[in-house]
Structures are given as C-alpha cells and as structure tokens.
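First residue of the sequence shown? That's 400 in the working numbering, and the numbers climb one at a time after it. Positions of the beta carbon are idealized from the N, C-alpha and C atoms, including for glycine. As the structure is a computational prediction, the values presented were derived from the model and not from experiment. The structure appears right after this line, and notes come after that.
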Amino acid sequence: MIFSRPLLGAAFLSVAAIAPPAIAQQSSTQLDGFAALANEFVFKSLAFSPSAATQTGLHRYTDPRSKQVLALDEMLDDYSPAGMAAQRAYCVDFRRRLGMLKVGRLDPQTRADYDILQNAVGSAFFSMDGEQFYKWKPQTYSENLGSALFANISLEYADKNTRAKDLSARLEKIPVFVDQAIGNLTASNDIFRRVGIESIDGVRDLLKTTGADFVKATPSEARYSAAEPAALASLDKFTAFVRDDLPRKPQRDWRMGSANFAQKFKYYLQVSGTPQDLLHSAEDSLRVTRATMLKLALPLHAQWFPGHHHATGDHDAYLNAVVGEVMQRIGTEHSNRDSLVQQGMKDVAELEKMVVDKRILSLADFSNLRVIPTPPFMRGIYGVAGAVFAPALEPNLATFYWVTPIPSEWTAERAESKMREYNKYQMLRLTVHEAMPGHAVQGAYANRVTPEWRRLLRSIYSNTPYVEGWAVYSERVMEDAGANGGDPVKMRLNGLKWMARIYMNAIIDVRLHTMNMNGDSAVALMMQDAFQERPEAEAKLQRAQLDYVQLMTYMAGVHEWNALRRDVQAREGNRFNMCRYHDTVLSYGPVSVPTVRRLYMAGVRPTVNPVPSRC
Ligand SMILES: [Zn+2]
400 MIFSRPLLGA
410 AFLSVAAIAP
420 PAIAQQSSTQ
430 LDGFAALANE
440 FVFKSLAFSP
450 SAATQTGLHR
460 YTDPRSKQVL
470 ALDEMLDDYS
480 PAGMAAQRAY
490 CVDFRRRLGM
500 LKVGRLDPQT
510 RADYDILQNA
520 VGSAFFSMDG
530 EQFYKWKPQT
540 YSENLGSALF
550 ANISLEYADK
560 NTRAKDLSAR
570 LEKIPVFVDQ
580 AIGNLTASND
590 IFRRVGIESI
600 DGVRDLLKTT
610 GADFVKATPS
620 EARYSAAEPA
630 ALASLDKFTA
640 FVRDDLPRKP
650 QRDWRMGSAN
660 FAQKFKYYLQ
670 VSGTPQDLLH
680 SAEDSLRVTR
690 ATMLKLALPL
700 HAQWFPGHHH
710 ATGDHDAYLN
720 AVVGEVMQRI
730 GTEHSNRDSL
740 VQQGMKDVAE
750 LEKMVVDKRI
760 LSLADFSNLR
770 VIPTPPFMRG
780 IYGVAGAVFA
790 PALEPNLATF
800 YWVTPIPSEW
810 TAERAESKMR
820 EYNKYQMLRL
830 TVHEAMPGHA
840 VQGAYANRVT
850 PEWRRLLRSI
860 YSNTPYVEGW
870 AVYSERVMED
880 AGANGGDPVK
890 MRLNGLKWMA
900 RIYMNAIIDV
910 RLHTMNMNGD
920 SAVALMMQDA
930 FQERPEAEAK
940 LQRAQLDYVQ
950 LMTYMAGVHE
960 WNALRRDVQA
970 REGNRFNMCR
980 YHDTVLSYGP
990 VSVPTVRRLY
1000 MAGVRPTVNP
1010 VPSRC
C-alpha cells in the first residue's frame, strides 16, 4: 500500500527525557494549524493502511467528517480501484493544503516537520505513479497480507481473545484482497514471480500453522475454521495466477533504471549527493578498507601461517588469501552453540556500563531493555539478532534485543560455520549496533521528542539512514571507547569486514539497477572483494533484484553521520563534547541526517522532555 511502513520498524520505548528544554518561538495559532495538519496526516495515512496501523499501534480511527469508526485491526488494506482513488484524492488535497502554508514563517523545528510531510506526500505520488510495484510485483500483496495477519498474532495490543477475533475477521477478507491483487497485476518478470509464489506459500503456511494455533481454544476458533477453506482457496488461485497467467502479460525488467533510482534515492534516503557520488565514495572506501585489512592481517598471518603466502602479481588474490585465512582463524574465537543468548546478555551489561562510565551519552537507565531469544516464528527474518521496539503509539511496552539461538537440529559443522561468522567480536559489534547504544538507545531518545504529534510524525516517517547510520556510527564510537573483546586488532578486522559488506551493498545496488551490471558479475564481485561466500552473495543478489536503494541505507547513513561528526568537531575544536553532541543529535529524533546537520549547526535546541545531563 502507498503508505505502508515495514513490519516492526522504528518505534520507541518510554524512558524519562534528557536534553535541555526547547525553544519554540511560534505563534500558537500557527503551531495549532500546523500541528493539526501533521496530526491529521499521520492518522489518516495510517487509516488507509490497516496493516501498518496495527503495527504502529493505531487500532481505531474515527473519520472526522462522517464520524464513522473503523476497527482497523479487523481490516485489510484496500487495493480496489476505488480505494486507491480515495488515497490519491487525499494526497492531492493534502499537497494543496500543505502548499498554502507560509513556509518562511515556520520555526526551524516545524520546518523540519514540514519537510517530512512534503517528502511523505512526494513519496506517495512516486509510489503510485513512478514505481508502481502494485502493478507488477506480486510480493507487494503477499507481504502486506502476511504482515497484517502476523501483527494480530505477534503484537500484544489487546488480550488474546480480541486478537484472535481480529485475525479471524482479517481471514474472512482474504478472498476480496486476492481478487484486488489479481485485478491490479498487469506485468512482471521471472524473479518477481518466483519470489511472489514463495511469499504466498509463506502466508498459506502462516494461516495453517501459526494462525490456526493462535486461535485454538479462543471463542473465535470456529469462525477461523469456517473462513480458512475460502482463504486457502483464494491463495491457491493467486499462486496459479502468478505461475500461469502473469507470464503471458508484458515483461518488465527488475532493473529500475536511473530515473526511478534517483527519485527513490531522494525520497527514501534524503541524503546529500547523488547515487553516482555515493557509488564512487563506496568504491574508494572499499579499496581503503581492503588495504587496511591486509595491513592488520599480515603480522597475524606471519605468526599463524609462517611461510604460507607470498605477494604475487595478482595482488587481489594475495590479499584475499591472507585476509581470508586470518579471518577464519579469528572466527574460531566464539561462544558455544547453546550460549549465544547469554553472550548477548553479558555483552549488553558490559556495554551499558561502558556507555555510562565513559559518558558516551547521558542516558543511564536501560531498565526497559530485555535481551531474549528471538521468538521462533521470527527466526526466518531475524537470523542472528534484531532490535524490536514498542509500537510508536504504544511506547510504554518494553524494547527487546532479540538474539537467535542456533537450532538444536543443526549439524555441528553448520553450527560451527555460523559461530565462526558471528564470532565473539562480531557478536559484540552486533550488540552495539542493535542495542547498546545503537537502535535501542536511539529509540529511547526519539521517544522523548515533544509534542506528541511531532514524536509520532518523526517516528512513523522515520528516516532510515538516520536510524541505521547511527547504529553503524555507534559501533566505531564504542570500539574507540574500548569495546573490543580484549583485542583491538581482531575487533578492527571484524569491523572492517562488516564495513566492506556495507560498501559492497551500495556498489551492487547502483550498478545493477542503473548501469546494467549482470547478476553473475555482482556475485563474483561480492566474493572477490568483500570476503563473501557464494550462498550469501547469491541471497544478496536476489535481495538487490527485489528492491532498490534500500541496500544503500547503511552506507548512506554512516557516511552522513561520520561527515557531521567530523565537521562539528572541526568547528567546535576543544569545546567539542561528545556526550553533549550525542544527546543533541539523538534528541531531534529520526529526521534526515542533513536536517540534523541544519538544526545542529544553527544551534536549534531539540524539543524534548528534559532530564539532567551527565556530560
Ligand atoms: Zn540496524
């Protein structure tokens, strides 16, 4: 759907606030006008996507004009021509009203919110008229549907009986939803069809297993069973359509081309520069990263594998051999297969102490953070770990750092291979990224943003490079503060290996979608230059073919965060205080990083609930 946000995206936990009080210099009538507009957009756009609404914590919506109350948790997204036309009409009208605002009179913070609304509306038009995945990507529907059903099951927004009723109501609406999908799909390609069918299989499986288990022994069990056959039959019809009918319709290349890429880059990333700028920067950074890895690996290689490899004419092959062997050896330092979750808990506790002792930032109460094993039904998506926050509208729920245990049925060999990859250094880095002080801490700060409409707007339309870039940036901050598993060189090598992947993701994304790179070359490049194994490289290729720009998020984000830190430090000289800097930039909430830069450089204070600083 036009407004859909990803399942379990950035949302926040509730803790007391931190940064100094805000300066709001706006006439109250003007603020009321803008606040009302922003508020309306947040709720109206969620109401257009019941799937996203449940995930965000909006359960009922009262239409301001008709006073009709929508029970969003029981509804599916409306992809009918009339439903899509209503969304378009709303966007047209909203854009008109937004255009009537006197932008020059907005204070800098409200101006940032205005930019978010402009970007959200522009992005909705691009999705409707430019990208148009709803016309040619079957997965659009199966993912939207699966997320909606799964939200009823996994999010504890109400008691189980209520959610079982909601789930059963959604189940009854699947045949209509599938007919809308079939009516809209007018083109495709091999990859979209293949993955679409797999994704429909996933929804079918969800209905038959997780969903059926969930409603068992609730008052809705019979209702669910009664609706299940028609729902399954419609999914079969969808599969048959994608498999047999869609191939006869026009083909459309998964390559999005430069024009679409540039548009999505603008709306989704909101960073400075162009895709080509980032590509060149990624290629340069990858070269430097590889050279640094070789330099750090050589002494270890000489010590562990004396007389092994010698520099030859093929420098890349030599580099890969030396670094590869050293990384393999470092990989043997890992916890045992049953103790990954305990490792996560231990790392979180140590990192918390370090964040507090070294004054990385002011936040010191992390009691809302729980480290738990990833729930079984989420282990397909979160293969290693993940951070999951309370929905934006229900911020009082806990924040979770999920660590995925190794399945007991895995062979020793398979387990060992995963443990080598996620050795103690990589696990520590991952825990910094997901939790401390990466995503979980960033979410805690974002939850302090005031007033409420601003907090909601900035969280629901959060900027992904801000979120992921902060997490990657914080890895280096903590490493520099001494979080290195007891060995700075081994830690650095693991950090560099991860950065090589981030750069490579950006490189293949631009090259595949805008420069006609073929899939085999992408796989070869990943294996040759970024120390990736074939299965991983092939999976990454598929991800790159299914979406675009999204793979650049980490690179784009950390690039902006690093540049901002460098520039602020250069400007402030020995007045620079890292703790105060982190408090401030995190307290703006997840706006685009160039917006953070603009606000920070102009000395604009964040609007937040204040608590004493420890800086
Ligand atoms: Zn992340």
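{"Item": "Touching by the beta-carbon criterion (3+ pairs, under 8 Å), the stretch 852-867 and the stretch 769-787", "Value": "no"}
{"Item": "Beta-carbon proximity of Arg964 to Ser761, cut-off 8 Å", "Value": "no"}
{"Item": "Heavy atom of ligand 1 within 7 Å of Glu867 beta-carbon", "Value": "yes"}
{"Item": "Where the beta strand (DSSP E) containing Ala784 begins and where it ends", "Value": "784-787"}
{"Item": "Straight-line Cα distance separating Asp431 from Phe442", "Value": "16 Å"}
{"Item": "Any non-hydrogen atom of ligand 1 within 7 Å of Ala839 CB", "Value": "no"}
{"Item": "Simplified DSSP assignment, three categories, for Ser1012", "Value": "coil"}
{"Item": "The stretch 528-537 / the stretch 678-691 touching (three or more Cβ pairs under 8 Å)", "Value": "no"}
{"Item": "Interface flag, Leu500 vs chain D, CB-CB below 8 Å", "Value": "Among the chains in the structure shown there is no chain D, since it carries only a single protein chain."}
{"Item": "Ala905 CB to nearest heavy atom of ligand 1 below 7 Å", "Value": "no"}
{"Item": "Range covered by the beta strand (DSSP E) that runs through Ala470", "Value": "468-470"}
{"Item": "Heavy atom of ligand 1 within 7 Å of Ala870 beta-carbon", "Value": "yes"}
{"Item": "Beta-carbon gap between Glu542 and Lys663 smaller than 8 Å", "Value": "no"}
{"Item": "Length at least 4, wholly inside the stretch 813-837: the alpha helix (DSSP H) runs in chain order", "Value": "823-833"}
{"Item": "Leu768 - partner residues in DSSP beta bridges", "Value": "Thr798"}
{"Item": "Cβ distance (whole Å) where Asn917 is taken to contact Gln825 below 8 Å", "Value": "The pair is not a contact, with the Cβ atoms about 31 Å apart (cut-off 8 Å)."}
{"Item": "Whole-angstrom C-beta distance between Lys817 and Gly884, which should lie under 8 Å", "Value": "Actually they are not in contact, since the Cβ atoms of Gly884 and Lys817 sit about 18 Å apart, beyond 8 Å."}
{"Item": "Limits of the unbroken beta strand (DSSP E) element including Arg459", "Value": "459-461"}
{"Item": "His832 beta carbon near ligand 1 (any heavy atom closer than 7 Å)", "Value": "yes"}
{"Item": "Expected contact under 8 Å - CB spacing of Ala568 and Glu473 to nearest Å", "Value": "4 Å"}
{"Item": "Presumed contact (8 Å Cβ cut-off) between Gly610 and Leu544, rounded CB distance", "Value": "Not confirmed; about 12 Å, so no contact."}
{"Item": "In DSSP terms, what Ser587 is bridged to", "Value": "Gln650"}
{"Item": "Option nearest Pro1009 by Cα separation, candidates Ala845, Arg900, Asp928", "Value": "Ala845"}
{"Item": "Option nearest Met1000 by Cα separation, candidates Pro775, Trp869, Glu971", "Value": "Glu971"}
{"Item": "Val575 - DSSP class collapsed to helix/strand/coil", "Value": "helix"}
{"Item": "Assigned exposure category for Asn915 - 16 Cβ within 10 Å defines buried", "Value": "exposed"}
{"Item": "Any 3 or more C-beta pairs closer than 8 Å across the stretch 449-456 and the stretch 466-486", "Value": "yes"}
{"Item": "Supposed contact pair Val747 and Pro772 - C-beta distance, whole angstroms, cut 8 Å", "Value": "That belief does not hold up - the Cβ atoms of Pro772 and Val747 are roughly 14 Å apart, past 8 Å."}
{"Item": "Boundaries (first-last residue) of the alpha helix (DSSP H) holding Glu473", "Value": "Run containing Glu473: none; DSSP gives neither H nor E here."}
{"Item": "Nearest neighbour of Ala563, chosen from Gly595, Gln508, Phe613, Lys757 [CA to CA]", "Value": "Phe613"}
{"Item": "Coarse secondary structure for Val491, derived from DSSP in three states", "Value": "helix"}
{"Item": "8 Å Cβ cutoff met for Leu998 and Ala511", "Value": "yes"}
{"Item": "Spatial neighbours of Tyr556 in its chain, beta-carbon cut-off 8 Å, leaving aside the 5 residues before and after", "Value": "Thr453, Gly456, His458, Asp472, Arg562, Pro790, Glu793"}
{"Item": "Val1007 in three-state terms, based on DSSP", "Value": "strand"}
{"Item": "Contacts around Val984, its chain only, beta-carbon distance under 7 Å, and the 5 residues preceding and following it disregarded", "Value": "Val995, Tyr999"}
{"Item": "Pairwise C-alpha distance: Arg651 and Glu932", "Value": "30 Å"}
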